[in-house]
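Below is one structure, written out as structure tokens; comments come after it.
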């Protein structure tokens with residue numbers, strides 16, 4: 154499964170290393186004899202703890218950027234984390250639905266985009282940039298322990314979205330070029 158689904162997204166120079174590691178340390182019989190329910194429970198708890206640790210670290214960094222002295226209680230951190238965790242998939246699905254609703258395959262907008270290189274270029278770059286901008290702006294508003302003005306969150310969201318989209322566009326070509 155990992156080689157079929159994950160390897161296409163891994164940098165080519167790391168694919169062989171990952172394959173060797175999987176073959177050496179994770180064999181098909183590695184978990185034989187252990188009830189899968191215990192492993193699943195441990196995996197879920199570990200994943201939630203790791204995600205919470207990442208969120209707490211991100212909050213610390215944002216608080217350092219905004220020079221926030223007072224900290225949130227753990228309950229407030231869990232609530233903020235839960236809001237980000239539960240709304241993110243919803244927002245992603247909403248953006249996919251909105252894209253398909255506005256631009257159904259074979260529709261008028263799709264035909265316009267396919268007929269003009271300029272419109273295709275604008276659509277393929279501005280729509281992901283807009284979605285990234287909205288996501289980063291929300292993160293800059295929700296995560297810090299202080300009320301951040303929308304103007305500053307939007308500027309941070311715009312800069313982050315531009316850098317994010319540039320890194321997405323340049324990562325794969327740079328890994329291919331280095332081979």
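In the numbering used here, the protein residues as written are 154 to 332. Think of the CB as a built atom: it goes at the ideal place given N, C-alpha and C, for glycine as much as any other residue. None of these values were measured; they are calculated from a predicted model.
Distance between residue j and residue i (C-alpha atoms, nearest Å)
i           : j           : result
residue 227 : residue 239 : 18 Å
residue 222 : residue 252 : 41 Å
residue 319 : residue 331 : 18 Å
residue 208 : residue 269 : 42 Å
residue 298 : residue 229 : 9 Å
residue 246 : residue 172 : 32 Å
residue 250 : residue 304 : 28 Å
residue 198 : residue 256 : 40 Å
residue 317 : residue 308 : 14 Å
residue 217 : residue 260 : 48 Å
residue 204 : residue 231 : 11 Å
residue 294 : residue 224 : 16 Å
residue 201 : residue 195 : 10 Å
residue 262 : residue 275 : 13 Å
Residue from the options whose Cα sits closest to the Cα of residue i
i           : options            : result
residue 219 : 301, 230, 311, 231 : 301
residue 280 : 291, 231, 248, 234 : 248
residue 241 : 169, 278, 290      : 290
residue 213 : 243, 324, 296      : 296
residue 215 : 292, 324, 157, 231 : 292
residue 287 : 278, 206, 306      : 306
Rounded Cβ spacing between residue i and residue j (contact assumed at less than 8 Å)
i           : j           : result
residue 273 : residue 267 : 7 Å
residue 328 : residue 165 : 6 Å
residue 312 : residue 282 : So it is not a contact: roughly 12 Å between Cβ atoms.
Residue i CB to nearest heavy atom of the ligand HEM below 6 Å
i           : result
residue 308 : This structure simply doesn't include the ligand HEM, nor any ligand for that matter.
is_contact[residue i, chain C] using C-beta, thresh 7 Å
i           : result
residue 312 : Reference to chain C is not applicable here, since this structure consists of a single protein chain.
Practice item. Ignoring anything shorter than 4 residues or poking outside the segment 169–244, list the alpha helix (DSSP H) runs there in chain order. Key: 189–218
Point to revise | 4 or more residues per run - each alpha helix (DSSP H) lying fully within the segment 298–331 | key: 303–330
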